[in-house]
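Structure, as C-alpha cells:
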Amino acid sequence: MGKILFKDFKVFNGTEFIDAREVLVDGERVSAIGNSLDSTDAEIIEGYGKILSPGFVDLHAHFRDPGGEWNEDISSGARAGAAGGFTTLVAMPNTKPAISEPSLVEYVLSHGRAAGASRILPSGCVSKNREGKEMAELLKMAEAGAVFFTDDGAPIATSSLFRLALIYTGKDHPRIMEHPEEMSLFKGGQVHEGKVSALSGLKGIPAASEEIDVARGIALARETCGRVHFTHLSSAGALGLIKQAKKEGLDVTCDTTFHHLTLNENAVINSGYNSRYKVNPPLRSKEDQAALWEGMLDGTIDAIVSDHAPWHMDEKDEPFQDAPFGIASLECAAAVIIDFKNKNYPEVPVEMILRKMTSSPASLLTEKWQALGKIEEGSPADITIIDEERTRIVDCSEWNSKARCCPWEGIALTGWPVMTFVEGRKIWQDNEDL
Amino acid sequence: MNAMPSEIGQIVWRHRNVIDVDCFTREELYFLLDQARHMENVMDRPIKKVPVLRGKMAVNLFFENSTRTRVSFELAEKMLSADVVNWSVSGSSHAKGETMRDTAWTLEAMGADIVVMRHGAVGSAQYLASKLKRAIVLNAGDGTHAHPTQALLDLYTAWKHLGNLEGKKIALVGDVLHSRVARSDIIAFKTIGCDVVLSGPPTMMPREIDSLGCRYEKDPRKAVQDADMVYLLRIQKERQQDGLFPSVDEYHRWWGADADLMKYARPGALAMHPGPINRGVEISSEVADGHQSVILEQVRSGVAIRMALLYLCGGGAR
Amino acid sequence: MTVLREKAKLMSSDDLNRVIKRIAHEMVEQNKGTENMILVGIHRRGVYLARRLQKIIEEVEGTKVPCGELDITLYRDDLTMLFEQPMVHSTRMPQDISGKNIYLVDDVLYTGRTVRAALEALVDLGRPSSVKLAVIIDRGHRELPIHADMCGKNVPTSKNEVIEVKVTELDGKDEVVICERDAQ
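Protein chains in written order, with the working numbering: chain E, -16 to 417; chain R, 23 to 340; chain V, 62 to 245.
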C-alpha cells in the first residue's frame, strides 16, 4: 500500500481543528501532519477545504447476523457503515444465537474482516444466551476480541447478575453497556408516555422506565466501583442522574442516538403513526430532546451512536402497532446530525459533534483500540472526509444496508461524508463527488 | 332545530379517505351533518335505496369483530346501491401470514372502490390508505386511536337535538385511555365548538391529558355539572384484570351513570353511549332506557352519517 | 376556465311571470281542475317555480295544491364521471304520491337527463297515476325520449350556449338570459 497525501483540508484531529492543512498517510498509518509535506510517491487527494476527520466510531449497531440475515448481515452492515463515514462499528450481540461465547465473537470478527469495509468489533452478552440468568464466559470473550458486554435489547435481567458482572469485570476488561429500561413498565409499550400516547391511545413507555434502570446501574457502579456505560439515553431525567453520578466521580458514561437528538414524539404524531418512527427507547418529548442537547454541551453525553436497527421492508412496512422497533440510520446519520445542528444549534461548533463520533466513543473501547478516533502521527489511518456544503436527498433504495426505510427518506440534508478510509485503504467514496 | 350557521353553504368536499375526524374543519362537519340529514330521509322512504353508488364495490374488511359497526356500514352501502363484500379476518393479518400490503393489493386487484376497515393496530387505516392507489379507505376503528364515524354519528345525534352546538358542554365519562371513541369524540366536539370535560378513574386517563385539549374532573358530578350531553364510555371488564380499577362495583358506584348523576346535568341533557352497553357498569338501566337516552337514535344516526361519508368520499370518478 | 358572457335577454320579469301564469292555467286545464294534483319542483330553481305555480292556482281556483320538492342528485347518471360530488338537497313530498297526478316543474329542459333522474326518484317514492312535465324553456338537444307537456318558450340554442332562468328568491331578480361560454 502506498502513500496518500491529503491536501488542503480542514483537519479535525479528534479533539479540535488544527492549523495544519495536510495529512500524509503511509500504508496503514498516518505518517505526518503539517503543511507543504513531501508528496514524493504519494497519491494526492485535494480537499478544497473539506473536513478531514478521524473515521466515525459507532458503539452501537445491530447487524442481525447470525440468524436474521434477510434484515441485515455483517457484510451489508459494514458496507452501510462505510457509506456513512463510520470506520468502526460495535456489533450488538442480541442475534440468534446471541453472541455469548468466544467462537461467536470470532464469527463476528472474521465476517467483519471478510466484508472489507468498516471495522466490525464484536460485543458479547453479559449472560449466557442472553437469558439473564448465568454470567457468560466474559474473560474468554474479552480475549477473543469483545469490546463491550451487554444484554442490549433488554436490561441486565437481575440486579444480582448486574452486580456480579461489574465485580467480575472490574476496571481491566471491556465495559458493561446497559440498555436502561425497567421491563415491567414496558409491557405492550409502543411510544413515549406523554402527548403521543394520549393522542393515539398507544401504550406509553414512561421516561421513568429509563430513569429507574439508570438509578439501579449507578447504585451498582457506586457499590462495586465498576464501570457502566448507559446506551441510547432518551430522557431528561436519566440524563440528570448520570450528570450527578459523573460529578460524584463514578465511572459511568453514556451515549444517545442520532434519532433522539434530531426527532421527538411530534414526528410520530405528524406522520399519522408511520412505523418508520417506531423505536425503543421511543422518540420522547421536545423537552427531553432539548435536554439531550444540553447533555451534549455540558459533557454528560460521551458519544452519539446509531443504534442502527435494520429491518427488511416486509417486516418494517406494517401498521405502526404491528411493526417492530428500530430505526436504520448508518448511511445518513452524519448528515442527519450535521444538518440538524446547523439548522437548530448554529452556535454549536461542529467539532463538538465530531468529538462524540470519534475520539470520545473510541476512548470507551478496549485497550487495543485506544488509538482510534484520532488523527496523530502513527495512528491508524481511519479517515472520513466530510463535505459540509454537499446537499443530498436521503434515498434508502440506494443503501448498502438491507433496510429500505428510515425517518429521513426523501428529505434533503446538507453536510455529508464523501470518502471513507480504513487503515489507509479507501473503503467508500460518494460517486457523485469525483 | 337543525341549526346550521348561515355562512356555511356549498363547500367543495376534498376528502377521499377518512382516517380520523381531525381532517375536518368546522364548516365541513356542519356540511356533513346537513348531508346526513338528507340521507336519513332516504331511510324513511318505502324504498330505502338510491342508486348513487351503483356499480361501486364496497369491501368491509374487519380484522376485529364488530357486528354493529359492520352492519351499520353494510346498511349504508346497500341503501346507496353499492355492491357489498364482507371480508372478515379473525386475528391479525400476521396470524394469517399475509402482510397488510398484500391484503391491500389483493383488494385492488379485485376491483374494490371503497374499503371500510376495522383493525386492532393503531395506524392501520392510514397505512392501508397509503398502499391503495384507487380505492378509498374509511376507518371503522384502528386500535385505540380513532373511530371517526362513531364521533360523527354522535355529533349528528347531538346536533339534531340541540341545534347549534357552539358553546354546549359534553362530559365524557369512563375509560378514555383505551377508547378510540373518546379520542375521536373529543376532536369532533371540540372542532364544532363544544366544551369537553373528561371523567373516569385516573388510571384510565392518558397521563398528559392537556394534550387532548380538555379538562379532567375525577368526580363525575363535577364533570357532568351543567352538561348538555353526558357520554358514557364502554368499560371493558378485562381492564379490571389489568388492575386499572379494583372492582366493577366500585367503578359503578363512582363513575357509573344513574339518575342521581344525571341530575347534575342540565334538564333535558342527552345521555349517550356508543354501545353495546354494560348495564349496571357504566350506565344504569334507568338512564339507558330513560327519556334522556338517545342511545338507539345514535344507532340510526350511524347509518345516515355513514351514507353521507360513503356518498361524498366514495362516489365519483377516480 | 370558462366564463359566461350574456348574449341576449330572452324574457323580462313580466314575460316570465306571464309564462308562469299561462302554465298554471294549462295545468289546471289538463288536470280538469285541481283534484289529485301535486306540484313537484326539481332543485333548485324548479322548487321556487313550483311554489309560484301553487300560489297562482290558489288565486285562480281557490285551492292550495300540495307542493313538494325533489332533489335528483342521488339519481344522476353522471356521478361516476364527476370528480367532486354535488351537494344533496332535501326531497320532501307533502303527502303520499301514489295515485296522484304529478306535475314536475323545472326551469330548463335540455338533454332530458335531469327529468329521467327525477322520474326514477319519483317512482322510488310511490306510484303516481300520471307524471307531467312543465318547463320555462325548452332549448332542444334531447338525448332521451322525453318531452315537456307544458313549455314557456322553445329556444333553439347551440351547445356552446347556456340558458339562465333567474328567480328573485335565489338570484335577486326574475329574468331569462342566454349566455355564451367563452373559453379562456
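Using N, Cα and C, we set each Cβ at its ideal position, and we do this for glycine too.
- In the structure shown, E:ASN325 adopts helical secondary structure according to DSSP, grouped into three states.
- If you look at E:THR70, you'll find it isn't in any alpha helix (DSSP H); it sits in the beta strand (DSSP E) that goes 69 to 74.
- Counting the other CB atoms within 10 Å of its CB gives E:SER362 a total of 16 or more, which places it among the buried residues.
- One Cα belongs to R:TRP277, the other to R:GLN262, and the distance between them is close to 14 Å.
- Contact between E:ALA364 and E:GLY407 holds, with the beta-carbon distance rounding to 4 Å and staying under 8 Å.
- Distance between E:ASP370 and E:VAL174, taken at the CA atoms: about 35 Å.
- Rounded to the nearest whole angstrom, the CA to CA distance from E:ASP281 to E:GLU165 is 27 Å.
- What R:HIS60 touches in chain V, judged by beta-carbon distance under 8 Å, is ASP132, VAL149, HIS150, SER151, THR152, going in chain order.
- Judged by beta-carbon spacing, R:MET251 lies within the 9 Å limit of R:MET294, meaning their Cβ atoms are closer than that value.
- The beta carbons of V:TYR109 and V:GLU230 sit about 5 Å from each other, so the pair counts as a contact at 8 Å.
- With its beta carbon less than 9 Å from one in chain R, V:LEU143 belongs to the interface.
- Among the residues of chain E, those whose CB is under 7 Å from the CB of R:GLU230 are GLY177, LYS178, ALA181, following chain order.
- Contacts with chain R at 9 Å (Cβ-Cβ) do not include V:ALA179.
- Non-local beta-carbon contacts of R:GLY145 in its own chain, meaning distances under 8 Å to residues more than five positions away in sequence, involve ASP164, GLY165, HIS167 in chain order.
- Close CB contacts of E:ARG210 within its chain, under the 6 Å cut and outside five residues either way in sequence, are with ARG158, ASP234 (chain order).
- The beta carbon of V:ILE163 is closer than 6 Å to those of ILE99, VAL101, PRO189, VAL192 in its chain, skipping five residues each way along the sequence.
- Residues of the segment 122 to 150 of chain R with a Cβ closer than 7 Å to any Cβ of chain V: none.
- Non-local C-beta neighbours of E:ILE252 in its own chain, meaning closer than 8 Å and more than five positions away in sequence, comprise LYS178, VAL179, LEU182, SER183, ordered along the chain.
- Between the C-alpha atoms of E:LYS326 and R:ALA134 there is a straight-line separation of about 45 Å.
- R:THR179 sits in a helix when the DSSP states are folded into three classes.
- Looking only at E:LEU104, E:ALA317, E:VAL6, E:ASP135, the smallest Cα-Cα distance to E:ASP21 is reached by E:VAL6.
- Under the three-pair Cβ rule at 8 Å, the segment 84 to 102 of chain E does not count as touching the segment 134 to 146 of chain E.
- Looking from the CA of E:SER36, the closest CA among E:ASP413, E:GLN412, E:GLU415, E:MET402 belongs to E:MET402.
- By the Cβ criterion, the segment 12 to 28 of chain E is not in contact with the segment 267 to 285 of chain E, since fewer than three pairs of Cβ atoms, one from each stretch, lie closer than 8 Å.
- With respect to chain V, the C-beta atom of R:VAL81 has no partner C-beta closer than 9 Å.
- Shown here, E:GLY398 sits in a strand according to DSSP, grouped into three states.
- In this structure the segment 73 to 83 of chain V does not touch the segment 140 to 156 of chain V; the number of beta carbon pairs closer than 8 Å is below three.
- Shortest Cα-Cα distance from E:ASP322 to any of E:GLY309, E:ALA311, E:ILE150, E:LEU337 involves E:LEU337.
- Proximity to R:LEU220 across R:GLY196, R:PRO268, R:ILE33 peaks at R:GLY196, based on C-alpha coordinates.
- Residue environment: V:GLY123 is assigned as exposed (fewer than 16 neighbouring CB atoms within 10 Å of its CB, all protein chains considered).
- The three-state reading of DSSP puts R:GLN258 in coil, since its state is none of H, G, I, E or B.
- Minimum Cα-Cα distance from R:GLN320 among the listed residues R:TRP181, R:GLY77, R:ALA147 corresponds to R:TRP181.
- The beta carbon of V:GLY187 lies closer than 6 Å to those of ASP157, ILE158, SER159 in the same chain, with the five residues before and after it left out.
- Short of 8 Å from the beta carbon of R:PRO268, and not among the five residues preceding or following it, lie these beta carbons of its own chain, in chain order: GLN262.
- By the neighbour-count criterion, in which a residue is buried when 16 or more other Cβ atoms sit within 10 angstroms of its Cβ, R:MET132 is exposed.
- Residue environment for E:SER110: buried (at least 16 other C-beta atoms within 10 angstroms of its C-beta).
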